[in-house]
Amino acid sequence: MTSIASSRPRSDPGLVVALDGPASSGKSSVGAAAAEALGYRFCDTGLLYRAATWLALKRGVSPDGDPSALVALVPEIELIPDAGGRLAHVSVDGEDVTDEVHTPIVDEHVSAISRVPELRTALLERQRALADEPGGIIMAGRDIGTVVLPSADLKIFLDASVEERARRRANERGIDAGSAEAGAILDQLRQRDELDRNRAVAPLRPADDAVHIVTDGNEFEDTVGAVVAAIRTAEERASVAPARRT
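The structure is reproduced here in C-alpha coordinates:
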(Lines of atoms letter the chains of each structure in order from A and count residues from 1; the text may use other names and numbers.)
(Lines give C-alpha, C1' and ligand atoms only; values in the text may rest on other atoms or scores of the structure.)
Protein backbone atom coordinates (compact mmCIF):
# COMPACT_ATOMS: atom_id res chain seq x y z
CA MET A 1 0.00 0.00 0.00
CA THR A 2 1.45 3.38 -1.00
CA SER A 3 2.20 5.95 1.68
CA ILE A 4 0.32 9.21 1.17
CA ALA A 5 1.67 11.20 4.08
CA SER A 6 1.93 14.94 3.52
CA SER A 7 5.47 16.08 2.75
CA ARG A 8 5.20 19.87 2.56
CA PRO A 9 3.27 22.86 3.93
CA ARG A 10 0.31 24.35 2.07
CA SER A 11 2.20 27.58 1.48
CA ASP A 12 4.54 25.91 -1.01
CA PRO A 13 3.74 26.49 -4.69
CA GLY A 14 2.06 23.67 -6.50
CA LEU A 15 0.52 22.59 -9.76
CA VAL A 16 -2.91 22.99 -11.29
CA VAL A 17 -4.19 19.40 -11.61
CA ALA A 18 -7.27 18.43 -13.63
CA LEU A 19 -8.83 15.21 -12.31
CA ASP A 20 -11.57 13.84 -14.56
CA GLY A 21 -13.58 10.64 -14.71
CA PRO A 22 -17.08 9.18 -14.96
CA ALA A 23 -19.70 9.14 -12.22
CA SER A 24 -18.65 7.29 -9.05
CA SER A 25 -15.07 6.81 -10.24
CA GLY A 26 -13.82 8.19 -6.92
CA LYS A 27 -12.80 11.65 -8.13
CA SER A 28 -14.13 13.46 -5.08
CA SER A 29 -12.89 11.19 -2.31
CA VAL A 30 -9.58 10.34 -4.00
CA GLY A 31 -8.96 13.94 -5.06
CA ALA A 32 -9.65 15.27 -1.57
CA ALA A 33 -7.35 12.70 0.05
CA ALA A 34 -4.57 13.38 -2.45
CA ALA A 35 -4.93 17.12 -1.89
CA GLU A 36 -4.62 16.64 1.85
CA ALA A 37 -1.49 14.53 1.40
CA LEU A 38 0.13 17.14 -0.84
CA GLY A 39 -1.04 20.30 0.92
CA TYR A 40 -3.09 21.28 -2.13
CA ARG A 41 -6.49 22.88 -2.32
CA PHE A 42 -9.27 20.68 -3.69
CA CYS A 43 -12.36 21.56 -5.69
CA ASP A 44 -15.12 19.09 -6.58
CA THR A 45 -16.80 20.91 -9.46
CA GLY A 46 -19.51 18.26 -9.57
CA LEU A 47 -20.90 19.85 -6.43
CA LEU A 48 -21.74 22.95 -8.46
CA TYR A 49 -23.82 20.93 -10.90
CA ARG A 50 -25.38 18.84 -8.16
CA ALA A 51 -26.31 21.99 -6.26
CA ALA A 52 -27.83 23.51 -9.41
CA THR A 53 -29.79 20.29 -9.94
CA TRP A 54 -31.04 20.17 -6.35
CA LEU A 55 -32.06 23.81 -6.46
CA ALA A 56 -33.74 23.43 -9.86
CA LEU A 57 -35.78 20.50 -8.54
CA LYS A 58 -36.70 22.47 -5.44
CA ARG A 59 -37.78 25.50 -7.49
CA GLY A 60 -39.47 23.51 -10.26
CA VAL A 61 -37.04 24.69 -12.96
CA SER A 62 -36.90 22.31 -15.93
CA PRO A 63 -33.73 21.71 -18.00
CA ASP A 64 -35.97 21.80 -21.08
CA GLY A 65 -37.40 25.21 -20.21
CA ASP A 66 -35.88 28.68 -20.26
CA PRO A 67 -32.09 28.30 -19.73
CA SER A 68 -31.96 31.74 -18.11
CA ALA A 69 -33.98 30.32 -15.20
CA LEU A 70 -31.18 27.81 -14.55
CA VAL A 71 -28.47 30.44 -14.92
CA ALA A 72 -30.32 32.62 -12.41
CA LEU A 73 -29.76 29.92 -9.76
CA VAL A 74 -25.96 30.12 -10.00
CA PRO A 75 -25.37 33.16 -7.73
CA GLU A 76 -27.06 31.29 -4.87
CA ILE A 77 -24.53 28.44 -5.01
CA GLU A 78 -21.25 28.59 -3.11
CA LEU A 79 -18.51 26.06 -2.42
CA ILE A 80 -17.27 26.17 1.17
CA PRO A 81 -13.66 25.31 2.15
CA ASP A 82 -12.83 23.20 5.16
CA ALA A 83 -9.84 23.81 7.43
CA GLY A 84 -7.52 22.23 4.84
CA GLY A 85 -8.78 24.35 1.96
CA ARG A 86 -10.77 21.55 0.34
CA LEU A 87 -13.91 22.91 -1.31
CA ALA A 88 -15.90 19.81 -0.46
CA HIS A 89 -19.03 21.42 0.96
CA VAL A 90 -21.78 23.26 -0.84
CA SER A 91 -24.04 26.04 0.36
CA VAL A 92 -27.19 27.18 -1.41
CA ASP A 93 -28.66 30.52 -0.35
CA GLY A 94 -26.66 30.27 2.87
CA GLU A 95 -27.77 26.72 3.75
CA ASP A 96 -25.37 23.76 3.86
CA VAL A 97 -26.91 21.24 1.46
CA THR A 98 -23.92 18.94 0.99
CA ASP A 99 -25.89 15.85 2.03
CA GLU A 100 -28.94 16.81 -0.03
CA VAL A 101 -27.00 17.11 -3.29
CA HIS A 102 -25.85 13.47 -3.02
CA THR A 103 -29.35 11.95 -2.93
CA PRO A 104 -30.74 9.52 -5.56
CA ILE A 105 -33.15 12.14 -6.94
CA VAL A 106 -30.20 14.39 -7.76
CA ASP A 107 -28.33 11.42 -9.29
CA GLU A 108 -31.31 10.88 -11.55
CA HIS A 109 -31.52 14.44 -12.88
CA VAL A 110 -28.00 15.88 -12.76
CA SER A 111 -27.00 14.83 -16.29
CA ALA A 112 -29.99 16.61 -17.83
CA ILE A 113 -29.22 19.79 -15.91
CA SER A 114 -25.48 19.57 -16.57
CA ARG A 115 -25.84 19.40 -20.33
CA VAL A 116 -27.53 22.82 -20.58
CA PRO A 117 -24.88 24.94 -22.39
CA GLU A 118 -25.88 28.21 -20.73
CA LEU A 119 -25.47 26.72 -17.27
CA ARG A 120 -22.06 25.27 -18.12
CA THR A 121 -20.95 28.68 -19.42
CA ALA A 122 -22.18 30.37 -16.25
CA LEU A 123 -20.14 27.99 -14.08
CA LEU A 124 -17.02 27.95 -16.27
CA GLU A 125 -15.50 31.25 -15.15
CA ARG A 126 -16.18 30.46 -11.50
CA GLN A 127 -14.18 27.23 -11.84
CA ARG A 128 -11.32 28.98 -13.63
CA ALA A 129 -11.20 31.69 -10.99
CA LEU A 130 -10.77 29.05 -8.28
CA ALA A 131 -7.87 27.48 -10.18
CA ASP A 132 -6.27 30.89 -10.60
CA GLU A 133 -5.89 31.46 -6.86
CA PRO A 134 -2.41 30.96 -5.31
CA GLY A 135 -1.25 27.47 -4.36
CA GLY A 136 -1.59 24.02 -5.84
CA ILE A 137 -5.07 22.75 -6.58
CA ILE A 138 -6.70 19.50 -7.67
CA MET A 139 -9.90 20.27 -9.55
CA ALA A 140 -12.18 17.29 -10.11
CA GLY A 141 -14.94 17.00 -12.71
CA ARG A 142 -15.80 15.57 -16.11
CA ASP A 143 -14.44 18.22 -18.47
CA ILE A 144 -11.68 19.89 -16.47
CA GLY A 145 -8.77 18.76 -18.62
CA THR A 146 -10.64 19.18 -21.91
CA VAL A 147 -12.67 22.38 -21.39
CA VAL A 148 -12.28 24.12 -18.03
CA LEU A 149 -8.48 23.95 -17.69
CA PRO A 150 -7.09 22.67 -21.01
CA SER A 151 -3.62 23.99 -20.09
CA ALA A 152 -3.52 22.45 -16.62
CA ASP A 153 -0.06 21.42 -15.48
CA LEU A 154 -1.21 17.82 -15.10
CA LYS A 155 -4.33 15.99 -16.31
CA ILE A 156 -5.45 12.72 -14.74
CA PHE A 157 -8.36 10.56 -15.89
CA LEU A 158 -9.61 8.28 -13.11
CA ASP A 159 -11.60 5.37 -14.46
CA ALA A 160 -13.27 2.11 -13.43
CA SER A 161 -15.75 -0.28 -14.99
CA VAL A 162 -19.40 0.63 -14.59
CA GLU A 163 -19.93 -2.55 -12.55
CA GLU A 164 -17.17 -1.55 -10.13
CA ARG A 165 -18.54 1.97 -9.82
CA ALA A 166 -22.06 0.69 -9.17
CA ARG A 167 -20.74 -1.68 -6.49
CA ARG A 168 -18.96 1.18 -4.74
CA ARG A 169 -21.99 3.47 -4.83
CA ALA A 170 -24.23 0.72 -3.45
CA ASN A 171 -21.70 -0.01 -0.71
CA GLU A 172 -21.52 3.68 0.24
CA ARG A 173 -25.29 3.71 0.67
CA GLY A 174 -25.47 0.45 2.59
CA ILE A 175 -27.30 -1.34 -0.22
CA ASP A 176 -26.96 -5.11 -0.70
CA ALA A 177 -25.04 -5.87 -3.89
CA GLY A 178 -27.60 -8.42 -5.08
CA SER A 179 -30.68 -6.29 -4.47
CA ALA A 180 -32.98 -4.70 -7.01
CA GLU A 181 -31.89 -1.30 -5.69
CA ALA A 182 -28.27 -2.13 -6.52
CA GLY A 183 -29.37 -3.17 -10.01
CA ALA A 184 -31.12 0.17 -10.39
CA ILE A 185 -27.88 1.96 -9.47
CA LEU A 186 -26.04 0.02 -12.19
CA ASP A 187 -28.67 0.92 -14.77
CA GLN A 188 -28.59 4.55 -13.69
CA LEU A 189 -24.81 4.75 -14.02
CA ARG A 190 -24.95 3.20 -17.49
CA GLN A 191 -27.49 5.82 -18.52
CA ARG A 192 -25.39 8.56 -16.94
CA ASP A 193 -22.30 7.41 -18.84
CA GLU A 194 -24.24 7.41 -22.10
CA LEU A 195 -25.51 10.94 -21.52
CA ASP A 196 -22.16 12.31 -20.34
CA ARG A 197 -20.15 10.80 -23.19
CA ASN A 198 -22.56 11.80 -25.94
CA ARG A 199 -23.73 15.25 -24.91
CA ALA A 200 -23.14 17.98 -27.47
CA VAL A 201 -21.40 20.30 -25.02
CA ALA A 202 -18.23 19.21 -23.16
CA PRO A 203 -18.69 15.43 -23.42
CA LEU A 204 -16.89 13.19 -20.97
CA ARG A 205 -13.58 11.99 -22.44
CA PRO A 206 -9.94 11.83 -21.36
CA ALA A 207 -7.73 14.69 -22.50
CA ASP A 208 -5.22 13.50 -25.10
CA ASP A 209 -2.33 14.12 -22.68
CA ALA A 210 -4.03 12.76 -19.54
CA VAL A 211 -2.50 10.16 -17.24
CA HIS A 212 -5.06 7.33 -17.27
CA ILE A 213 -5.53 5.50 -13.94
CA VAL A 214 -7.87 2.47 -13.91
CA THR A 215 -8.93 1.59 -10.37
CA ASP A 216 -10.83 -1.71 -10.64
CA GLY A 217 -9.75 -3.90 -7.73
CA ASN A 218 -7.81 -1.11 -6.01
CA GLU A 219 -8.04 -0.33 -2.34
CA PHE A 220 -8.86 3.33 -1.77
CA GLU A 221 -5.36 4.07 -0.43
CA ASP A 222 -3.77 2.52 -3.52
CA THR A 223 -5.69 4.83 -5.83
CA VAL A 224 -4.87 7.87 -3.72
CA GLY A 225 -1.23 6.82 -3.76
CA ALA A 226 -1.26 6.52 -7.56
CA VAL A 227 -2.69 10.04 -7.92
CA VAL A 228 -0.21 11.47 -5.41
CA ALA A 229 2.67 9.73 -7.22
CA ALA A 230 1.58 11.17 -10.58
CA ILE A 231 1.44 14.68 -9.13
CA ARG A 232 4.81 14.37 -7.41
CA THR A 233 6.35 13.15 -10.65
CA ALA A 234 4.90 16.17 -12.46
CA GLU A 235 6.21 18.48 -9.73
CA GLU A 236 9.70 17.06 -10.15
CA ARG A 237 9.54 17.74 -13.88
CA ALA A 238 8.52 21.35 -13.38
CA SER A 239 11.61 23.55 -13.22
CA VAL A 240 9.69 26.48 -11.72
CA ALA A 241 6.35 26.94 -10.01
CA PRO A 242 3.90 27.32 -12.92
CA ALA A 243 1.67 30.30 -13.42
CA ARG A 244 -2.07 29.75 -13.16
CA ARG A 245 -3.29 28.78 -16.61
CA THR A 246 -6.71 28.23 -18.11
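Just so you know, the numbering used here puts 176 at position 172 of the sequence shown, and the rest follows in order with no gaps. Built from N, CA and C at the ideal position, the CB exists for glycine as well.
- Which of the three DSSP states, helix, strand or coil, is assigned to D200? Reduced to three states, the DSSP call for D200 is helix.
- Query: With D147 and A206 assumed to form a contact (beta carbons below 8 Å), what rounded beta-carbon distance in angstroms separates them?
  - Reply: With a beta-carbon spacing of about 4 Å, D147 and A206 fall inside the 8 Å limit used to define contacts.
- Task: Between the Cα of E168 and those of V152, V151, A186 and I160, spot the shortest distance and give me the residue it belongs to.
- Result: That would be A186, whose Cα lies nearest to the Cα of E168.
- Indicate the three-state DSSP secondary structure (helix, strand or coil) for G149 in the structure shown. The DSSP-derived three-state label of G149 is helix.
- Message: Which residue wins for smallest C-alpha separation from S115, given the options R172, T237, V21 and P26?
- Response: Per the Cα distances, P26.
- Task: Inspect the beta-carbon positions of G50 and A144 and report whether they are closer than 8 Å.
- Result: Cβ atoms of G50 and A144: closer than 8 Å.
- Task: Please classify R173: is it buried, with 16 or more other beta-carbons within 10 angstroms of its beta-carbon, or exposed?
- Result: By the neighbour-count rule (16 or more Cβ atoms within 10 Å), R173 is buried.
- Exposed or buried, which one is P13 when buried takes at least 16 other CB atoms within 10 Å? Confidence at P13 is low in this model, with a pLDDT of 42, below 50, so its placement is unreliable and no value can be given for it.
- Query: Using the C-alpha atoms, what's the distance from A133 back to P71?
  - Reply: As the crow flies, the alpha-carbon of P71 is around 23 Å from that of A133.
- Measure the C-alpha to C-alpha separation of I118 and L42 and round it to an integer number of angstroms. Before going on, a small fix: residue 118 reads as Ser here, not Ile. CA-CA distance, S118 to L42, rounds to 30 Å.
- Separation of V96 from R54, as counted between CA atoms: The alpha-carbon of R54 is positioned some 11 Å away from that of V96.
- Those residues which DSSP pairs with E82 across a bridge: Paired residue(s): S95.
- Item | Integer-rounded CB distance, given that I160 should sit under 8 Å from L23 | About 5 Å separates the beta carbon of L23 from that of I160, a gap short enough to meet the 8 Å contact definition.
- Query: When you compare each of D213, S165, G30 and R45 to P138 by their alpha carbons, which one comes out closest?
  - Reply: Closest option to P138, Cα to Cα, is R45.
- Quick one: using the 10 Å Cβ neighbour count with 16 as the cut-off for buried, is Q131 buried or exposed? The residue in question, Q131, is buried, as its Cβ has 16 or more Cβ neighbours within 10 Å.
- Query: In angstroms, rounded to a whole number, what distance separates the CA positions of A126 and V75?
  - Reply: Using only the alpha carbons, I get a separation of about 6 Å.
- Message: Report the start-end ranges of each alpha helix (DSSP H) in the segment 101–187 that is 4 residues or longer and not cut off at the edges.
- Response: Runs of the alpha helix (DSSP H) inside the segment 101–187: 108–118, 121–135 and 166–176.
- Item | 7 Å Cβ shell around R171 - same chain, five flanking residues per side excluded | Once the five neighbours on either side are set aside, the close Cβ partners of R171 are A181.
- Query: Considering V215, what are the terminal residues of the beta strand (DSSP E) in which it resides?
  - Reply: Taken as a continuous stretch (DSSP letters only), the beta strand (DSSP E) holding V215 covers V215 to V218.
- Would you mind giving the Cβ-Cβ distance between L91 and L77, rounded to the nearest angstrom? I have them listed as a contact below 8 Å. That pair is no contact at about 18 Å.
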